[in-house]
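Enquirer: Residue numbers (our numbering): 1 to 201.
All residues carry an ideal CB built from backbone N, CA and C; glycine is no exception.
Small disclaimer: the values here were computed from a predicted structure and weren't measured.
Next comes the structure, spelled out in structure tokens:
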């Protein structure tokens, strides 16, 4: 059964201006869109992922799933940011810079105000600061080898694992993910190694 994003249309903006124009006309009526980029190896010029994300933030949108199209191109989903969707530190920095540059629109500001009101603006602060939650810390403390391996992982991998744990919505799922994180830490893996597993609510 196709997912919702499979029903989205596809566009290939030539540049930032064209993407911003599309967002201006569609940000409040489209459920989402696939943007096509040129791969660096193609040698062709076009809208860059960084430019696409910045413009999306200006209109309250966000990037997500990406995948290859062919040897020269790949694509990525953009859609309106959902309520209580946590903000990463890099996107907060981008948003603040866009506000200073006068590029943020009322739609984008509304999402920021909403996030600050419901707590999602700082929802990832502990992950960004690499704070290990108490339940995971206790398990790692009982497994010295796992604790050593976990703290020897790169900051990026630890953030992935901490996010994987935070995104569990049920206590039983969280407990299972703690066990998986301990195993992955010893194996030197990351949450990306679990990307093929069925997501649980």
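Out of curiosity, what's the CA-to-CA distance linking residue 70 and residue 43?
Expert: Taking the first residue of the chain shown as 1, we reach residue 70 at position 70. Taking the first residue of the chain shown as 1, we reach residue 43 at position 43. If I take the Cα positions, the gap works out to 14 Å.
Enquirer: I want to know whether the stretch 23-34 touches the stretch 50-59 - three or more CB-CB distances under 8 Å.
Expert: Yes: at least three Cβ pairs fall under 8 Å.
Enquirer: Mapping DSSP to helix, strand and coil, what is residue 36?
Expert: Start at 1 with the first residue of the chain shown, and residue 36 comes out as number 36. Strand at residue 36.
Enquirer: Can you tell which of 19, 183, 31 has the C-alpha that lies nearest to the C-alpha of residue 8?
Expert: On the chain shown, residue 8 is found 8 positions in, with the first residue counted as 1. That would be 31, whose Cα lies nearest to the Cα of residue 8.
Enquirer: Determine the extent of the beta strand (DSSP E) in which residue 10 is found, giving its start and end residues.
Expert: Walking along the chain shown from the start, residue 10 turns up at place 10. Residues 9-11.
Enquirer: Rounded to whole angstroms, what is the Cα-Cα separation between residue 122 and residue 114?
Expert: The residue you call residue 122 lines up with position 122 of the chain shown. The residue you call residue 114 lines up with position 114 of the chain shown. Roughly 12 Å between the two C-alpha positions.
Enquirer: Look at the Cβ atom of residue 11, then the Cβ atom of residue 78, and state whether they are nearer than 7 Å.
Expert: As a first step, residue 11 is located in the chain shown; it is residue number 11 there, counting from the start. As a first step, residue 78 is located in the chain shown; it is residue number 78 there, counting from the start. Not a contact, by the Cβ cut-off of 7 Å.
Enquirer: Count the other CB atoms, across all protein chains shown, that sit within 10 Å of the CB of residue 81; report buried if there are 16 or more and exposed otherwise.
Expert: Locating residue 81 in the chain shown gives position 81, where the first residue counts as 1. Buried, since its Cβ has 16 or more Cβ neighbours within 10 Å.
Enquirer: For residue 94, which three-state DSSP category applies?
Expert: Translated into the one-based positions of the chain shown, residue 94 becomes position 94. The answer is helix: DSSP assigns residue 94 an H, G or I state.
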